[in-house]
Ligand code: ADP
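In the numbering used here, the protein residues as written are -19 to 474.
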């Protein structure tokens, strides 16, 4: 087992990993940028190494500085978290070359999933169903038109090197194809330095369903719950749940064993996720994420498996303590990504100082966050404040707990998407489980969010006037956070 691990990430995921280390009796080293001097994760670690004057992501992408920090602190292993260097083969190899254990898969596994085209080819060869489409890059517009015709519109153009939904373009007919292709290419060129684009059939009303995988060095590979991640905005997940509402035992076994097959096809070791598009009983491999996912806690809640810990144990060479039959799903878990962004203004990022922070608690609630009262959310990184997770004995109890927790959540000073989550959770279709990746658009959630904002505002106003408080000030706070806190805030001041 390791004595010391360096965590090459920031925010909530750095803390999540360090929590696992603490439970395992492993010392932790944080690395932090200029902008993260006062971040919670840097304080949480046993040691913290300053790795960069650059306030931005550059510090966390500096392979040399991170390896040096690991060497100087005597860290035997590095956990990359998600994002940043987590799926970077150069980094994984640099760790390997310097005798430091990379807590993740072998660099060869990352490599085989690095290009979406190679990934598709590999999966096709392994007998894993993939979304209909092609397994090579298109360059010639004429050729693109012929391929699109043969696949049949609508289609989706995707950068081979893509991620985060960047550069993907849905094309409804042949007239839209050329402008879409050149736009995809230019976005891909500037985002990834590679403008290779390929074509997939665009599935209508698909669900995004993924499987958590754990694999040890001996090749023992299991699936650890499915996750439904269809509540997305601009192809980015906002609410996830486990299990998926469409899942039954036989579908889970079918998809789960294909996910295991996919992982084995690339010699996978560590925790990873196989993503599928599911549409009317059919499912297709979408991609494999070779890291711990943002949404891993919902799997932990329903299975009781500590994924971060298992990932570390596997990296230390231990055999997986679980067999497939040990994995049981108990109840239901939902995660809301709480972001510092303004849902009333096109979800624009809203960094700034958190003047007051109180996270919810009580039965079935878990909050993974990296913030505190007085913390200033820097503008350089993603806007995730926390992951709010609710677990209940069934889906309705998980929803009820989540709604209760959203009501309790106090974040003053920055705008958040709490009202967005409130709007989705009360939506009838969401509650019935009838969701797909177009849910937010189809249900016009934007309007519902405004209604929640008004409702919260009015609740706050009436509370404020009952308390004889400065209504204007209270109302402004309330519009952003809900009514609950207002009374308390006011009472403390008076
Ligand atoms: P990225 O790696 O950039 O996040 P993915 O390939 O994982 O891109 O796709 C992200 C999301 O885009 C999916 O969850 C889904 O909502 C949508 N999507 C991707 N491919 C398709 C497709 N062929 N048909 C319909 N929706 C798709």
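Where a beta carbon is used, it is the ideal one built from N, C-alpha and C, also for glycine.
Terminal residues of the alpha helix (DSSP H) in which residue i lies
i, result
"residue 102", "96 to 105"
"residue 487", "As displayed, the chain neither begins before -19 nor continues past 474, which places residue 487 out of reach and without an answer."
"residue 418", "Taken as a continuous stretch (DSSP letters only), residue 418 belongs to no alpha helix (DSSP H), as it is neither H nor E."
"residue 370", "Premise fails: residue 370 lies in the beta strand (DSSP E), 364 to 372, not in any alpha helix (DSSP H)."
"residue 294", "287 to 295"
"residue 282", "276 to 283"
"residue 4", "-9 to 4"
"residue 70", "69 to 77"
"residue 477", "In the structure as shown, the chain begins at -19 and stops at 474. Residue 477 is therefore absent and cannot be evaluated."
"residue 121", "121 to 131"
"residue 116", "Segment: none, residue 116 is in no alpha helix (DSSP H) and carries neither H nor E."
"residue 382", "375 to 388"
"residue 273", "Where residue 273 is concerned, there is no enclosing alpha helix (DSSP H), given that its DSSP letter is neither H nor E."
"residue 355", "Element bounds for residue 355: n/a, residue is neither H nor E."
"residue 41", "38 to 41"
"residue 412", "408 to 412"
Buried or exposed (CB count within 10 angstroms, at least 16 for buried), residue i
i, result
"residue 178", "buried"
"residue 5", "exposed"
"residue 150", "exposed"
"residue 158", "exposed"
"residue 61", "buried"
"residue 175", "buried"
"residue 18", "exposed"
"residue 371", "buried"
"residue -5", "buried"
"residue 382", "buried"
"residue 271", "buried"
Local conformation of residue i per DSSP, three classes
i, result
"residue 260", "coil"
"residue 460", "Since pLDDT at residue 460 reaches only 46, below the 50 mark, its modelled position is unreliable, and no value is offered."
"residue 215", "coil"
"residue 315", "strand"
"residue 159", "helix"
"residue 397", "coil"
"residue 504", "With the chain covering only -19 through 474, there is no way to say anything about residue 504."
"residue 469", "Confidence at residue 469 is low in this model, with a pLDDT of 48, below 50, so the placement of that residue should be treated as unreliable; the coordinate-derived value is given next. Of the three classes helix, strand and coil, the one that applies to residue 469 here is helix, per DSSP."
"residue 344", "coil"
"residue 200", "coil"
"residue 111", "coil"
"residue 169", "helix"
"residue 305", "helix"
"residue 21", "helix"
"residue 337", "strand"
"residue -17", "coil"
"residue 438", "helix"
"residue 402", "helix"
"residue 146", "coil"
"residue 53", "helix"
"residue 426", "helix"
"residue 300", "coil"
Endpoints, the beta strand (DSSP E) within which residue i is located
i, result
"residue 191", "187 to 195"
"residue 57", "57 to 59"
"residue 30", "27 to 32"
"residue 181", "177 to 181"
"residue 137", "135 to 139"
Cβ-heavy atom distance, residue i to ligand 1, below 7 Å
i, result
"residue 215", "yes"
"residue 138", "yes"
"residue 146", "yes"
"residue 109", "no"
"residue 149", "no"
"residue 104", "no"
"residue 157", "no"
"residue 186", "yes"
"residue 17", "no"
"residue 417", "yes"
"residue 181", "yes"
"residue 476", "Beyond the ends of the chain as shown, which are -19 and 474, falls residue 476; an answer cannot be given."
"residue 315", "no"
"residue 212", "yes"
"residue 142", "yes"
"residue 386", "no"
"residue 218", "no"
"residue 266", "yes"
| Given 8 Å, three or more beta-carbon pairs between the segment 331 to 338 and the segment 389 to 396 | yes
| Cβ pair count under 8 Å reaching 3, the segment 32 to 50 against the segment 356 to 366 | yes
| Okay, do the segment 213 to 233 and the segment 271 to 279 touch, 3+ Cβ pairs below 8 Å being the bar? | yes
| message | Across the segment -9 to 3 and the segment 344 to 352, are there enough close Cβ pairs to call them in contact, namely three or more that are closer than 8 Å? | response | yes
| task | Examine the Cβ distances between the segment 95 to 109 and the segment 67 to 81 and report whether three or more of them are shorter than 8 Å. | result | no
| task | Assess, as a yes-or-no matter, whether the segment 372 to 380 is touched by the segment 300 to 314 under the definition of 3 or more beta carbon pairs within less than 8 Å. | result | yes
| query | Does the segment 113 to 127 come close enough to the segment 69 to 76 that 3 or more CB-CB pairs lie under 8 Å? | reply | no
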